[in-house]
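Below: one structure, written as structure tokens.
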Amino acid sequence: MCPRRSSTSIEIGVFGTRKGDRLKVLFRKWRSKLYLDGPVCSACGKELLSHIRGGMCPECEKTSVKLGTDICGKCGRVLANEAEFCDTCIRNERAFVRARSCYVYEGAPKKFVYRLKFGGRRYLAAFIAEAMVDRYLDCDFECDCVVAVPLSAKRKRKRGYNQSELIAEELSSRLKLPLIDGALVKTKENKPQTKLTKREREENVRGVYEVTSPEAFKGRRVLVVDDVMTTGATLGEVSRVLYKAKARSVEALTYCSTRFVSPSENILNEEDFYEDEMV
Ligand SMILES: [Zn+2]
Ligand SMILES: [Zn+2]
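Converting from the sequence shown to our numbering requires adding 36 to each position, the first position being numbered 1.
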């Protein structure tokens with residue numbers, strides 16, 4: 037699409053209208069660019085007869101690994117064997133009660149995350165939230181409020197939005213749970229993890245999140261929301277600071293989680309994981 041031509045048509049279309057109306061028209065035009073015209077699969081682009089919950093066609097759904105009960109009892113990732121917990125959870129203590137996700141981070145769900153996070157397709161947050169609501173109910177979560185894993189102010193400025201906040205907003209309105217906004221912040225940018233030793237990596241994750249309004253979490257059962265969980269290190273650290281703020285319980289829900297990574301990589305930071313994946 038030629039951006040110059042579309043901006044010209046907007047100018048002509050709204051000429052002579054009141055300022056409020058003009059803003060409404062501009063908003064609608066902007067929104068129509070974000071949303072596709074007819075229902076299509078948000079992973080493969082195939083046209084759909086009607087809207088499908090989760091935004092994925094049956095073929096893409098069939099090739100995705102949906103998580104059920106064969107998962108680690110703690111972090112909710114798919115298990116390679118019949119153990120109760122994955123190796124990462126056996127080796128690393130995480131503060132959250134449990135984490136659960138909808139899909140393994142590959143195939144169509146991975147495309148959803150990429151397109152939301154790096155492709156600017158904010159509308160995908162609604163589809164992602166639909167799948168997460170189903171998972172929330174399947175897993176019998178009972179939380180009082182929702183909070184997104186924050187990005188640092190610098191990173192959020194660079195991207196323009198925090199994809200986890202978009203998902204958390206959608207979840208909050210669908211589950212009718214209050215969204216806690218601005219009370220949990222990321223105060224420091226993590227150093228690149230790749231050249232750090234195991235011990236340094238543990239320390240690198242610590243102390244980057246801060247609760248600025250503890251009363252927002254005190255005595256509440258908090259649901260922490262993120263797009264992808266790799267090892268649970270970030271969710272564990274977020275949970276630790278929420279418990280310090282006297283949260284009654286902390287559980288986590290993500291759209292995807294990765295398959296088990298090798299023990300030497302088991303405390304990789306989530307954001308570095310994304311950066312690696314982008315190259
Ligand atoms: Zn599809
Ligand atoms: Zn685990």
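Virtual Cβ for every residue (Gly too), placed ideally from N, Cα, C. Here the structure is a predicted model, which means the values were calculated and not measured.
By the 16-neighbour rule on beta-carbons within 10 angstroms, A116 is exposed. Within the chosen limit of 6 Å, ligand 2 reaches the beta carbon of C108 through at least one heavy atom.
Taken through DSSP and simplified to helix, strand or coil, S208 comes out as helix. Taken in chain order, the complete alpha helix (DSSP H) segments of 4 residues or longer contained in the region 167-225 are 189-195, 199-211. The alpha-carbon separation between D123 and R136 amounts to approximately 16 Å.
Among the bridge pairs identified by DSSP, E246 is matched with V221. Closest by C-alpha distance to G155, out of I107, F121, Q199, L271, is Q199. Closest in C-alpha terms to F163, from the list V286, V140, L85, P145, comes P145. For T124, the enclosing alpha helix (DSSP H) begins and ends at 123-127.
Taking C-alpha positions only, F132 is separated from C125 by approximately 11 Å. Using a 10 angstroms sphere on the CB of K82, the tally of other CB atoms stays under 16, which defines it as exposed.
In this structure, R171 lies away from L160, with their beta-carbon atoms at least 7 Å apart. Of the residues assessed, E201 falls on the buried side of the cut-off, its CB having 16 or more other CB atoms within 10 angstroms. F63 counts as exposed, since fewer than 16 other beta carbons sit within 10 angstroms of its beta carbon. The distance from the Cβ of C292 to that of Y139 is about 5 Å, consistent with a contact at the 8 Å cut-off. Non-local C-beta neighbours of S249 in its own chain, meaning closer than 7 Å and more than five positions away in sequence, comprise A219, ordered along the chain. For the pair P94 and G109, the Cα-to-Cα distance works out to about 28 Å.
With respect to the C-alpha of V183, the residue from N226, M168, V114, V258 having the closest C-alpha is V258.
K102 sits in a strand when the DSSP states are folded into three classes. K82 has its Cβ nearer than 6 Å to a heavy atom of ligand 1. Look at E287 here: in three-state DSSP terms it is strand.
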